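In the working numbering, the protein residues as written are 0 to 420. Cβ atoms here follow ideal geometry from the backbone N, Cα and C, with glycine treated the same way. Note that the structure is a prediction, hence the values are computed from the model and not measured. Data first, discussion second: the structure below is written as structure tokens.
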Amino acid sequence: MQSTEIPVETSAAPRWNRFDTSWTIGLFGTAVGAGILFLPINAGLGGLWPLLIATVLIWPMTYFSHRALSRMVCASPNPNQDITGVVREYFGETAGRVVTVLYFLAIYPIVLIYGVGITNTVESLMVNQLGLDPWPRWLLSGVLVLAMSAVMVAGKKVMLVVTQWLVYPLIAVLFAVTLLLIPQWSFDGFGALPAPGDFAMSLWLMIPVLVFAFNHSPAISQFSVSLRERYGAGSVQKASSILRITAVLLVVFTMGFVWSCVLALGPEGLQEAKEANLPVLSHLANVMGLPLIAWLGPAVAITAIASSFFGHWLGAAEGATAIVRTMVDPQQKRLSDRGITIGVSVFLIVTTWLAGVLNPSILALIESLAGPVIAAVLYLMPMYAIHKVPALARFRGKASNVFVVIAGVVAVGGILISLFR
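Right under this line is the structure:
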């Protein structure tokens with residue numbers, strides 16, 4: 000029988016290799032999705048000065064929070080446990096079930112958001128760039144959701160290959176669009192430094208969308224399990240290295256893209272994009288009059304949504320499966336693994352299709368549900384675990400822990416502010 004003891008931790012992380020690069024790209028692809036494509040709208044409407052502060056804060060927020068979540072899994076004495084098993088191991092069955100439900104609720108709304116985003120983006124492409132009559136929304140959404148879901152149903156290996164194909168061109172095109180918009184930049188309309196109260200409120204309401212836009216927590220569980228199997232005790236250090244580079248890539252490409260879009264559109268253009276419920280690139284394609292942007296914009300939007308959809312589907316399916324197994328069939332006697340997998344897949348496909356048909360406000364979903372719940376699971380839960388769980392005791396007493404707690408409380412509080420405004 001194979002031992003599950005944790006090997007003695009070494010002082011040096013294993014040398015960087017292709018395995019690490021693949022995970023870096025995979026985590027980047029999970030984060031680059033609807034949140035990034037809608038982030039310029041929300042962030043830009045708050046003004047340039049809050050956006051500047053957000054640019055400074057987002058790297059440590061992203062890196063320290065995802066590192067803490069990864070450490071929860073990597074430090075588990077059982078190397079085969081994913082995040083749903085780890086929380087039950089750390090907190091007990093009852094608390095573990097609650098956290099599992101929160102984990103699912105942190106990811107599942109994002110899958111719905113992608114159903115809305117992909118439908119609106121393709122419909123806009125058909126009307127504005129291709130000059131076609133739009134399909135009935137129920138049909139268009141159904142075809143698109145089924146196409147993305149088919150990649151997931153085909154298996155994880157197929158999904159990883161497709162993600163690799165999507166992410167590298169996505170990085171190149173995001174950078175190209177950022178540069179192409181530079182001649183359109185203008186600071187007109189943004190005004191002077193806002194009053195302290197308005198400044199603080201704009202920044203506060205921006206935080207939940209920032210958390211969402213840079214979130215790659217749905218892939219952290221499988222990422223950490225994979226590293227734990229490959230590197231043993233070195234997985235903690237290796238995870239830190241990979242997550243640090245991922246956060247740098249996200250900040251450089253994402254915030255560069257955000258600033259370029261905000262300065263190119265201006266406050267009025269950002270408001271129009273928000274009212275149209277379109278990703279910012281689709282709106283840019285419709286209003287800028289630049290032929291290259293007209294085609295690159297929808298292409299980037301569709302690619303980003305698809306690549307991120309895959310990672311979030313994995314997390315949502317993982318959470319839903321854990322809920323069924325622990326609450327519906329805890330003895331694992333009534334339902335087979337295959338039956339649960341099919342049931343969860345059908346549930347995700349049908350509800351994502353319905354979201355695409357109903358077309359709720361994407362920014363409202365992000366601000367009111369996805370952002371705050373993600374913050375609770377990604378920022379606050381790992382800090383509580385580090386404080387309470389003996390296996391994580393070596394990670395206590397760090398200034399970064401305090402920073403993550405403050406960022407999490409601010410993000411969760413953003414929902415209360417937006418609800419009562």
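Query: For Thr-253 and Leu-334, the rounded distance between their alpha carbons; Result: 43 Å
Query: CB of Thr-61 within 8 Å of CB of Ala-246, strictly; Result: yes
Query: Alpha-carbon to alpha-carbon, Ala-374 and Gln-270; Result: 26 Å
Query: Ordered list of alpha helix (DSSP H) runs contained in the segment 190-263, each at least 4 residues; Result: 195-212, 216-230 and 234-249
Query: The segment 196-213 in contact with the segment 48-57 per 3-pair CB rule at 8 Å; Result: yes
Query: Straight-line Cα distance separating Ile-106 from Ser-140; Result: 20 Å
Query: Beta carbon of Ser-185 nearer than 8 Å to that of Pro-193; Result: no
Query: Neighbourhood of Ala-153 by C-beta, 8 Å cutoff - its chain only, sequence neighbours within 5 removed; Result: none
Query: Which listed residue (Val-250, Val-86, Val-121 and Gly-196) has its alpha carbon closest to that of Trp-48; Result: Gly-196
Query: Cβ-based neighbour list, Ala-384, same chain, cut-off 7 Å, excluding 5 preceding and 5 following; Result: Met-71, Tyr-89 and Leu-391
Query: Buried or exposed (CB count within 10 angstroms, at least 16 for buried), Glu-122; Result: buried
Query: Where Gly-412 sits in the DSSP three-state scheme; Result: helix
Query: For Trp-15, the first and last residue of its enclosing alpha helix (DSSP H); Result: Premise fails: Trp-15 is in no alpha helix (DSSP H) and is neither H nor E.
Query: Phe-346 vs Ala-321 beta-carbon contact at 8 Å; Result: no
Query: Three-way DSSP call (helix, strand, coil) for Met-382 in this model; Result: helix
Query: Given Pro-479 as reference, the closest of His-65, Phe-256, Tyr-113 and Ala-94 once Cα atoms are compared; Result: Nothing about residue 479 can be reported from this structure: the residues present for the chain run from 0 to 420 only.
Query: 8 Å Cβ cutoff met for Ala-305 and Gln-128; Result: no
Query: The segment 235-242 contacting the segment 106-118, beta-carbon criterion three pairs below 8 Å; Result: no
Query: Beta carbon of Ala-315 nearer than 8 Å to that of Val-110; Result: yes
Query: Asp-132 (DSSP reduced to helix, strand or coil); Result: coil
Query: Contact set for Gln-163: own chain, Cβ-Cβ below 6 Å, skip 5 residues either direction; Result: none
Query: Residues near Tyr-102 in its chain [Cβ-Cβ closer than 6 Å; skip 5 each side]; Result: Gly-318 and Val-376
Query: Under the three-state DSSP convention, the category Asn-358 falls into; Result: coil
Query: Asn-77 (DSSP reduced to helix, strand or coil); Result: coil
Query: Spatial distance of Leu-145 from Arg-337 (CA atoms); Result: 19 Å
Query: Extent of the continuous alpha helix (DSSP H) run through Asn-285; Result: 279-286
Query: Buried or exposed (CB count within 10 angstroms, at least 16 for buried), Trp-352; Result: buried
Query: Enclosing alpha helix (DSSP H) for Ala-316 [first to last residue]; Result: 290-322
Query: Lys-387 - DSSP class collapsed to helix/strand/coil; Result: helix
Query: Helix, strand or coil at Val-403 [DSSP, three-state]; Result: helix
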